[in-house]
Amino acid sequence: MPYISNDPALWPFINETRTLSYVAVASSAAVVYDCTLTFGQEFDLVWKRRWSLMTVLYVCVRYIGILYSVFSILPNIPISNTDLGGTILWFMYVWTPVVVNCMLAVIMLVRIHAMYQRSKKMLIFLVALLLASTIASTVITAMGNIGVSGVEAVLSGNRSCFINISPDRIELNNKNLTSTAAWEILVFFLAVWIVIKHFYELRQLPTGPTIGDSFTVLAESHALYFVAFAAVASLSLGSLSPTIEFSVSAGVGVYEGVLQIAQVLQMFVLGPRLILSVRNYHTKLVTRSDEGTGMTSIAFEAGGDLSAGGDV
1 MPYISNDPAL WPFINETRTL SYVAVASSAA VVYDCTLTFG QEFDLVWKRR WSLMTVLYVC
61 VRYIGILYSV FSILPNIPIS NTDLGGTILW FMYVWTPVVV NCMLAVIMLV RIHAMYQRSK
121 KMLIFLVALL LASTIASTVI TAMGNIGVSG VEAVLSGNRS CFINISPDRI ELNNKNLTST
181 AAWEILVFFL AVWIVIKHFY ELRQLPTGPT IGDSFTVLAE SHALYFVAFA AVASLSLGSL
241 SPTIEFSVSA GVGVYEGVLQ IAQVLQMFVL GPRLILSVRN YHTKLVTRSD EGTGMTSIAF
301 EAGGDLSAGG DV
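In UniProt numbering, the protein residues as written are 1 to 312.
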């Protein structure tokens, strides 16, 4: 039986839900628009190339994003939401960031490993750190959703779905980005260090730094992605404040909406572009090499086969 109520005290909750529904549509539209915008580039740089681990990760992140965008709209469609349906959508909502951020972390691991000239010590260090971060995030998310269930509700004629979850488990869910944030911060500083070292070494050369250097491409895409992730992590930690966590005001609805948009852009827009940016650079590099123009590069493919497409 659905929970039915016409209590005016629930109107702030209804308004917040309505605000979040607009945000869900907007973020979904952004993902679909980005997919459409980059499809030509994706077809040339992904689908027409030899498949590799990075290709699989790209396809997974990109199309999980499309599915996530579609399913995030379903709770806002004025149809009956069953208890089971609400529970499934909730688990999709909390587990998708864990899975996708793990995939993006693997992409980052390969990039940093390449920037450090495929050092075995660095690879072991990064793998150990990533495993610790992923296990911690998985355990926190699992513990935060034990016994969670959806409840169909009709509030003042508006169909919705409550999630039956205790406050301490809500707090755990909001903390699941902590370990991922620690990984991202360390990886960012590793990237900054090797880029600074690289450009210092280039300054010692007679020709000076090379414009279009692959380190520059990596640094630019990494910096933009890290800024987006930092925003998501900061907003997620900010939501632990009792003022936000247990409030249903219009301001909190806007805050959660900004968090949702930032998270979607970080995972499903900037995430795939981590791979597209470097593959596009390598395509230009091969073209200019054919024209006799030299550019500095590092090997991204196992074995360093530049013509294979410059995997990230």
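In this text, a Cβ means the ideal position worked out from N, Cα and C, and glycines have one as well.
- Here Leu129 has Trp183, Leu186 as same chain residues with Cβ atoms under 7 Å from its own Cβ, once five neighbours each way along the sequence are excluded.
- Shown here, Ser236 sits in a helix according to DSSP, grouped into three states.
- In the structure shown, Ser149 falls within a strand segment according to DSSP collapsed to helix, strand and coil.
- With at least 16 other beta carbons inside 10 angstroms of its own, Thr96 counts as buried.
- The continuous alpha helix (DSSP H) containing Val264 extends over residues 250-265.
- Secondary structure of Ser28 (DSSP, three-state): helix.
- In this structure, Asp44 sits away from Thr216, with a CB-CB distance that is not shorter than 9 Å.
- Excluding residues up to 5 positions away in sequence, Val31, Met267, Phe268 lie with their Cβ nearer than 7 Å to the Cβ of Gly65 in the same chain.
- Residues Val23, Ala26, Ser27, Ala30 of the same chain have their beta carbon placed closer than 8 Å to that of Ile261, with the five preceding and five following residues left out of the count.
- Around Leu274, the same chain offers Leu104, Ile107, Met108, Arg111, Ser221, His222, Tyr225, Val312 as residues with beta carbons nearer than 8 Å, after the five sequence neighbours per side are excluded.
- Between Val278 and Leu190, the beta carbon gap of about 17 Å keeps them out of contact (Cβ cut-off 8 Å).
- For Asp44, there is no enclosing alpha helix (DSSP H), since its DSSP letter is neither H nor E.
- Contact between Asn176 and Ile140 holds: CB atoms are separated by about 5 Å, below the 8 Å threshold.
- The three-state reading of DSSP puts Arg118 in coil, since its state is none of H, G, I, E or B.
- In the structure shown, Ile165 adopts coil according to DSSP, grouped into three states.
- When the beta-carbon positions are compared, Asn145 and Phe91 come within less than 9 Å of each other.
- Residues of the same chain with a CB within less than 7 Å of the CB of Leu123, apart from the 5 flanking positions on each side, are His113 in chain order.
- In terms of Cβ geometry, Asn164 and Val154 do not form a close pair [threshold 9 Å].
- In the DSSP assignment, Trp193 falls within the alpha helix (DSSP H) that extends over 178-203.
- The alpha carbon of Ile73 has as its nearest neighbour, out of Met54, Arg18, Leu57, the alpha carbon of Arg18.
- Shown here, Ser241 sits in coil according to DSSP, grouped into three states, outside any helix or strand.
- Non-local C-beta neighbours of Met143 in its own chain, meaning closer than 7 Å and more than five positions away in sequence, comprise Leu172, ordered along the chain.
- Judged by DSSP secondary structure, Val269 falls outside any alpha helix (DSSP H); it is assigned neither H nor E.
- Sixteen is the threshold: when 16 or more other Cβ atoms of the shown chains lie within 10 Å of the Cβ of Gly150, as they do, the residue is buried.
- Rounded to whole angstroms, the separation of the alpha carbons of Gly86 and Phe162 is 8 Å.
- For the pair Leu84 and Val46, the Cα-to-Cα distance works out to about 37 Å.
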